[in-house]
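Let me begin by presenting the structure, written as structure tokens, before commenting on it.
Number of protein chains: 4
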Amino acid sequence: MCRFLLYKGKTSIKLAHLITRPAHSIINQSFDSRLRLDTLPVNGDGFGVGWYQSNPNTTSTPCIFTSITPAWNNQNLSRLAEEIQSSLVFAHVRASTTGALSETNCHPWRFGRLMWMHNGHIANFNKIKRKLQQSLRDELFLFVQGNTDSEWAFALFLNQLEDPINGQFDHEMLKIAMLKTIDQLNNWAEEAGIHESSLLNFAVTDGHSVICTRYINSRTEEAASLYFSSGTRFTEYKPGHYKMTKADKREDIVLVASEPLTFERADWLTIPTNTCLVITPKLNVLLFPIKDQFYNIHRVKKKCIFFNSCNE
Amino acid sequence: MCRFLLYKGKTSIKLAHLITRPAHSIINQSFDSRLRLDTLPVNGDGFGVGWYQSNPNTTSTPCIFTSITPAWNNQNLSRLAEEIQSSLVFAHVRASTTGALSETNCHPWRFGRLMWMHNGHIANFNKIKRKLQQSLRDELFLFVQGNTDSEWAFALFLNQLEDPINGQFDHEMLKIAMLKTIDQLNNWAEEAGIHESSLLNFAVTDGHSVICTRYINSRTEEAASLYFSSGTRFTEYKPGHYKMTKADKREDIVLVASEPLTFERADWLTIPTNTCLVITPKLNVLLFPIKDQFYNIHRVKKKCIFFNSCNE
Amino acid sequence: MCRFLLYKGKTSIKLAHLITRPAHSIINQSFDSRLRLDTLPVNGDGFGVGWYQSNPNTTSTPCIFTSITPAWNNQNLSRLAEEIQSSLVFAHVRASTTGALSETNCHPWRFGRLMWMHNGHIANFNKIKRKLQQSLRDELFLFVQGNTDSEWAFALFLNQLEDPINGQFDHEMLKIAMLKTIDQLNNWAEEAGIHESSLLNFAVTDGHSVICTRYINSRTEEAASLYFSSGTRFTEYKPGHYKMTKADKREDIVLVASEPLTFERADWLTIPTNTCLVITPKLNVLLFPIKDQFYNIHRVKKKCIFFNSCNE
Amino acid sequence: MCRFLLYKGKTSIKLAHLITRPAHSIINQSFDSRLRLDTLPVNGDGFGVGWYQSNPNTTSTPCIFTSITPAWNNQNLSRLAEEIQSSLVFAHVRASTTGALSETNCHPWRFGRLMWMHNGHIANFNKIKRKLQQSLRDELFLFVQGNTDSEWAFALFLNQLEDPINGQFDHEMLKIAMLKTIDQLNNWAEEAGIHESSLLNFAVTDGHSVICTRYINSRTEEAASLYFSSGTRFTEYKPGHYKMTKADKREDIVLVASEPLTFERADWLTIPTNTCLVITPKLNVLLFPIKDQFYNIHRVKKKCIFFNSCNE
């Protein structure tokens with residue numbers, strides 16, 4: 001399984017503060033993933049980062065840098081991360097489950113102004129791949145360049161939007177498209193008699209709003225971990241060690257990550273399993289439980305092994 | 001467009017004699033392609049070579065080495081080519097028309113004991129991609145890892161065989177499957193109203209027989225160039241300069257190539273447009289005209305610019 | 001041999017306008033180099049681009065992106081070039097003469113705020129490599145990561161500066177260091193009895209001034225080609241076709257390139273062989289003949305094959 | 001730090017049995033290195049394997065395949081390992097300490113018929129790099145293409161041989177050259193006042209004999225781990241699980257590895273710290289203590305954490 005991270009802020013941040021400098025950045029997580037559900041210990045199968053210009057307008061498309069060599073030893077990434085600033089960043093390290101090691105299989109992907117990444121996998125994807133492809137409009141069927149469940153899920157998401165290339169979006173539209181995507185995947189899984197659960201932590205943005213899910217199509221299991229943190233400043237108090245500062249209860253920064261980026265326990269809140277998190281253009285953070293057939297208010301919470309106790 | 005080369009011999013040859021040493025090897029052709037129909041002058045978008053052990057048995061699968069860095073500066077290729085010997089070799093340099101630069105998009109591909117490569121492109125492939133995919137059995141639909149017309153054409157070829165993974169093949173079966181593949185592509189092109197011609201120089205082998213086509217779905221145009229040469233020994237008479245020796249009219253070696261490997265005019269025969277060439281396990285070379293709706297005995301032969309005159 | 005390009009402007013330019021969009025950009029030059037002195041027709045052995053933030057201050061270091069896959073099919077480069085803007089850009093495509101294909105051997109290199117690239121080669125570099133290394137201060141001897149004459153020449157240049165990492169530079173200091181570098185290379189070549197000529201088109205910048213040479217250590221031969229163009233705007237008048245606009249005789253933009261970027265003959269001036277070109281922080285362009293033992297006012301000018309006639 | 005493995009046998013083995021198939025192969029070790037002395041948990045910075053033809057003669061040179069993408073997801077490696085058989089194999093996974101991620105920095109290296117790899121690092125190599133280079137004959141100074149302490153140590157080793165390119169070697173000559181190499185490195189370390197210890201597990205072969213060291217220039221510390229195993233057959237008793245069979249006490253196979261390849265405790269003997277292991281052409285295994293100033297018969301043995309108890 002993979003790891004992802006996203007940042008949205010009122011002001012832009014140097015990518016290095018998110019990606020390369022923190023001692024527990026997703027690059028270092030790619031070495032040592034303490035919260036992984038699976039046993040494969042390394043996320044070394046490629047890397048990607050996507051970002052928007054600091055003041056995206058209604059036509060801004062994200063820029064994406066991907067690599068098939070491990071993130072921890074990539075000179076281009078190190079140099080770009082020290083140079084580029086952005087107020088909306090997605091980053092992803094990959095441990096391949098399906099799809100060969102190639103740049104076309106690295107997250108995030110973009111389509112027009114939209115950007116997408118996925119942490120998890122669609123169970124028995126081979127059994128629903130044909131149906132998914134057949135449901136797509138031609139432009140979206142032909143858009144996919146790689147061979148991963150995650151990129152096809154992006155195409156399925158795009159297919160829920162009326163005009164994914166030129167349309168105007170708002171966070172409500174994007175949230176509805178996201179929930180429809182998950183619902184559709186669940187329906188196909190049921191039709192195909194798939195019993196293994198899918199881990200569907202998705203993130204999508206149009207450069208203004210962000211929609212992010214922590215989801216599993218199971219009433220009892222936990223989804224892959226997901227945390228968020230918000231505040232006014234994300235600062236390095238000693239080399240490699242960062243903390244979130246909260247002044248005046250304002251929220252100028254929102255971080256969402258598969259694992260906490262800092263060792264400050266109070267900085268991070270667990271996003272409950274089967275939740276849709278929305279970050280509005282004005283940086284309000286909204287959490288919605290996803291109330292489908294897998295909704296279960298009594299789900300036994302998995303013991304949180306990163307912190308001494310859980311924040312839920 | 002790309003370039004390919006294949007060798008089948010009674011004895012094995014060091015790959016270097018085919019790939020890296022000849023002054024007009026396909027690697028050097030990747031610099032300077034004088035016979036190319038298109039205007040893009042470089043085949044620098046990846047490389048692949050596949051070969052069988054020297055004495056393949058009925059279960060031998062080919063070994064394949066591919067690379068996304070140019071063939072002319074690939075240390076692994078240089079070293080492997082000096083080391084590996086084989087009596088059946090496919091080699092391919094790629095100039096991408098569709099499909100990103102990734103190892104999964106490099107020719108040749110293998111499926112079980114079968115190996116495939118393509119020089120050319122399927123015109124308006126996007127218009128027939130869905131139909132092609134829908135025609136495939138599940139194992140073949142799911143087999144494709146990349147995103148090129150050429151690999152999907154391989155899947156279509158495999159779909160013509162009853163049991164492509166475990167079956168026993170002979171050159172007649174493989175030839176029939178090849179002709180069905182071309183016929184199917186032509187039918188879909190017609191249904192889709194595609195007027196641009198497809199260049200379908202395909203090569204396939206099971207380790208024993210080789211089937212190779214020079215084909216275009218047009219009554220008037222010429223297909224991409226294709227030559228063959230046969231003899232008893234392929235020898236280097238001075239550094240980088242090779243010639244085919246013919247002793248006793250025996251044919252111990254057959255070479256087929258997009259462009260002649262040597263500067264010896266008499267060594268190479270042009271394979272006529274819309275021909276299927278078969279090399280039998282015993283190294284007999286058979287040429288069959290492909291007599292479909294595009295067969296035209298009066299096709300105006302394109303002026304041969306590599307030799308002073310043509311060998312046809 | 002390689003190809004390079006540099007841009008310095010009062011305002012920043014999107015990298016795409018220099019690198020990926022022009023029909024005769026250095027990437028397309030990497031396919032088809034009509035002005036090359038050697039016979040190797042392809043610059044496919046890696047690529048690099050370096051740039052400063054739009055308003056560099058006295059501590060700004062350049063950002064560098066390099067790649068060992070060909071520039072013409074590099075998705076990261078295409079995306080970054082559409083996103084990044086800079087007022088000082090170096091770009092380089094490599095055809096390897098020495099040094100393996102590796103990112104550490106790709107130009108440009110940086111040291112602190114300084115950035116360097118080279119088009120050409122140092123003749124018989126192996127005969128002077130030890131002397132060059134022994135002349136270097138430890139920090140510079142250890143700085144070199146690759147194995148090319150060009151990177152060692154950068155170290156030699158840095159060695160001429162009193163404090164290359166923290167010092168303040170001006171264009172006069174950098175010019176003197178450049179001329180000392182060439183002089184030193186000439187002395188070692190003479191000591192080693194090297195008769196082949198070295199092609200020393202170097203470019204260096206501290207983010208404010210640019211020093212660039214067109215040089216050969218021969219009284220009769222021509223150096224590798226080098227052109228410059230200046231004006232007020234560099235604009236795309238139809239897709240892929242650019243021209244330099246000159247309003248009010250102001251010089252807001254200076255371009256220097258191994259080959260003209262546009263097909264507008266009047267836009268480009270040939271920099272004479274054995275000349276040092278200086279671009280000051282205020283964008284004045286100064287040309288100085290390099291009056292050493294190879295200075296020859298009667299050098300027979302090589303016929304200019306790119307334009308109908310030369311601009312000199 | 002890195003990991004290495006070497007195999008020498010009377011008969012050839014398919015590379016897959018050493019490299020890709022064993023559950024605790026060095027590729028899987030590159031995920032999960034339980035015996036590492038340092039804390040960096042991943043060997044993901046490149047990979048290399050070198051081998052000789054099955055019946056090397058006095059002019060056979062090794063073939064080397066290296067890669068900068070991680071070994072665990074390298075399709076070329078997977079396919080080659082299933083195809084290639086050899087009776088003398090070196091394999092290495094790298095976790096970079098010095099030298100950028102590039103193929104020129106991947107072990108093993110070859111020079112003529114000789115092949116070399118290193119597990120460990122030369123402490124403060126920057127302080128002795130100049131002296132090492134100055135000690136080398138020109139051909140060896142110029143031979144080095146990368147930028148690692150390990151490749152320079154190979155050049156130093158070659159410099160101890162009278163004619164490393166054309167000479168005839170025997171295991172005694174190679175052993176003497178190895179010990180001189182270590183002695184020379186120790187002398188330079190002392191001259192430079194270096195107090196940190198160097199980990200010098202080296203392996204070299206001419207295709208016939210193998211010399212391998214487990215060494216540290218310290219009287220009290222332990223060198224990096226090194227094990228060997230010998231027997232008549234190395235067989236897979238269930239998928240991914242191998243064991244060494246010993247029939248008739250013959251030794252037809254010798255394996256040396258940074259970590260045991262199998263989970264069979266009795267198969268593996270620890271090579272004591274500061275020992276030189278020699279495998280003769282006839283597969284005799286000789287262990288010599290290296291009796292220099294760091295020899296210490298009372299060295300406190302490090303607790304063996306891989307096995308329940310140690311074999312020493």
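Chains as they are written, first to last, in full-length UniProt numbering: chain A, 1 to 312; chain B, 1 to 312; chain C, 1 to 312; chain D, 1 to 312. For glycine and all other residues, C-beta sits at the position ideal for the given N, C-alpha and C. Computed from a prediction, not measured in an experiment: that's the story for all the values here.
- Going by DSSP, B/Gln134 is part of no beta strand (DSSP E) but of the alpha helix (DSSP H) stretching over 129-135.
- For the segment 75-94 of chain B, residues whose beta-carbon sits nearer than 9 Å to a beta-carbon of chain D comprise Gln75, Asn76, Arg79, Leu80, Glu82, Glu83, Ile84.
- By the Cβ rule, the segment 154-161 of chain C does not count as touching the segment 78-98 of chain C, because fewer than three pairs are nearer than 8 Å.
- Put simply, the segment 203-211 of chain C touches the segment 51-66 of chain C. At least three CB pairs are less than 8 Å apart.
- The CB of D/Pro22 never comes closer than 9 Å to any CB in chain A; the least such distance is about 17 Å.
- Looking at the backbone, the Cα of D/Thr232 and that of B/Thr11 are separated by about 33 Å.
- In the displayed model, B/Trp72 falls within a helix according to three-state DSSP.
- Scanning C/Thr262, C/Pro272, C/Asp252 for the CA closest to the CA of C/Lys282 turns up C/Asp252.
- DSSP places B/Leu101 outside both helix and strand once states are collapsed to three, so it counts as coil.
- If you check each beta-carbon in the segment 53-77 of chain C against every beta-carbon of chain A, the ones closer than 9 Å belong to Gln53, Thr61, Pro62, Cys63, Ile64, Phe65, Thr66, Ser67, Gln75, Asn76.
- Between A/Ile13 and C/Leu287, the alpha-carbon positions lie close to 42 Å from each other.
- Distance from the Cα of C/Gly48 is smallest, within the candidate group C/Gln85, C/Cys2, C/Lys8, for C/Cys2.
- In the structure shown, the three-state DSSP call for C/Trp116 is strand.
- Using beta-carbon distances, D/Asn159 does not count as an interface residue toward chain C, since no partner is under 8 Å.
- For D/Leu101, a Cβ of chain A is located within less than 8 Å of the residue's own Cβ.
- For C/Arg137, the closest Cβ of chain D is not nearer than 8 Å.
- Straight across, the Cα-Cα distance linking D/Cys276 with A/Trp51 is about 54 Å.
- Cβ contact annotation for C/Tyr215 (same chain, cutoff 7 Å, sequence separation greater than five): Ile182, Leu200, Asn201, Ala223, Asn274, Ile290, in chain order.
- With respect to chain C, the C-beta atom of D/Phe228 has no partner C-beta closer than 8 Å.
- Contact with chain D is found for C/Asn147, since one of that chain's Cβ atoms lies less than 8 Å from the residue's Cβ.
- Distance from the CA atom of D/Met244 to the CA atom of D/Met178, rounded to whole angstroms, is 29 Å.
- Each residue's CA atom was taken as its position, placing C/Ala23 and C/Val210 some 26 Å apart.
- Chain-order list of chain A residues neighbouring D/Asp45: Pro70, Asn73, by C-beta distance under 8 Å.
- In the three-state scheme derived from DSSP, where H, G and I count as helix and E and B as strand, C/Ala257 is classed as strand.
- As a beta-bridge residue in DSSP terms, D/His121 pairs with D/Leu199.
- For D/Ser209, the secondary structure class from DSSP, reduced to helix, strand or coil, is coil.
- A contact is defined here as three or more CB-CB pairs under 8 Å, and the segment 146-154 of chain D fails this definition with respect to the segment 166-180 of chain D.
- Per the coordinates, the alpha-carbon of A/Glu190 lies some 56 Å from the alpha-carbon of D/Trp116.
- For B/Leu277, the three-state secondary structure derived from DSSP is strand.
- Burial check for D/Arg113: the Cβ neighbour count within 10 Å reaches 16 or more, so the residue is buried.
- DSSP places B/Trp109 inside the beta strand (DSSP E), whose first and last residues are 109-111.
- Within the same chain, Ala123, Ile216, Asn217, Ser218, Glu221 come within 7 Å of B/Ser197 by CB-CB distance, once the 5 residues on both sides are set aside.
- Bounds of any alpha helix (DSSP H) do not take in C/Trp51; it lies within the beta strand (DSSP E) bounded by 47-51.
- Non-local C-beta neighbours of B/Phe143 in its own chain, meaning closer than 7 Å and more than five positions away in sequence, comprise Phe111, Ala155, ordered along the chain.
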